[in-house]
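Numbering-wise, the numbering used here puts 25 at position 27 of the sequence shown, and it's gapless, one number per residue. For each residue, glycine too, the CB sits at the ideal point set by N, CA and C. Bear in mind the structure is a predicted one, so any value in this text is a computation, not a measurement. Inspection log for the structure reproduced underneath, given as structure tokens.
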Amino acid sequence: MLTLFHAPRSRSTRFLWLLEELGLPHDIRYVSIRYADGSGDGPDPANPHPDRKVPALRHGDALVTESAAVDADGRVSARTIWPFLVGYLDSVRMLIAWCELRGDFRMFRTDRLIAIDFLDTPYPERRATLRRRWLAMMTARQADG
-1 MLTLFHAPRS RSTRFLWLLE ELGLPHDIRY VSIRYADGSG DGPDPANPHP
49 DRKVPALRHG DALVTESAAV DADGRVSART IWPFLVGYLD SVRMLIAWCE
99 LRGDFRMFRT DRLIAIDFLD TPYPERRATL RRRWLAMMTA RQADG
């Protein structure tokens, strides 16, 4: 079952709404946080988020939090990624990672990352395996193009 760690009047409200709209069985664990205006009783030691923020969504041993970035058009995107390589494209530093949202490898400009939350969950695969899979994909693309 899904467990949402939630604080009222926070970003986790949209997750609560989504779980209810989808009709997914879930538990809600209310945690206290420190709000941007300084109010609140946080940080709450019962909150599993590494930075004691919300949302945090637990399913079994997996914990999902958010990582936010801004794309070239200024849209904010939040996703879970598994980085395995940092490189440069021209003069821009790139983070190469498996993206859970896209189910594929993606490159992220580090200058567009606006928030990073570190998870305490293990990678779904070894980083060396991800790197080999990415290199094989890039080699195949180069051969095709």
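Query	Result
Rounded straight-line distance, which links the Cα of A5 to that of E19	19 Å
Nonlocal neighbours in the same chain, by C-beta distance under 8 Å from V52, ignoring five residues either side	F3, H4, A5, S8, R9, S10, V29, I31 and N45
Cβ-based neighbour list, G85, same chain, cut-off 7 Å, excluding 5 preceding and 5 following	M92 and I94
Identity of the residues DSSP links to H4 by a beta bridge	Y28
C-alpha distance - D25 paired with M(-1), whole-angstrom precision	7 Å
Whole-number beta carbon distance between H47 and D115, since they are thought to touch under 8 Å	7 Å
Continuous alpha helix (DSSP H) stretch holding R130: start and end	R125 to D142
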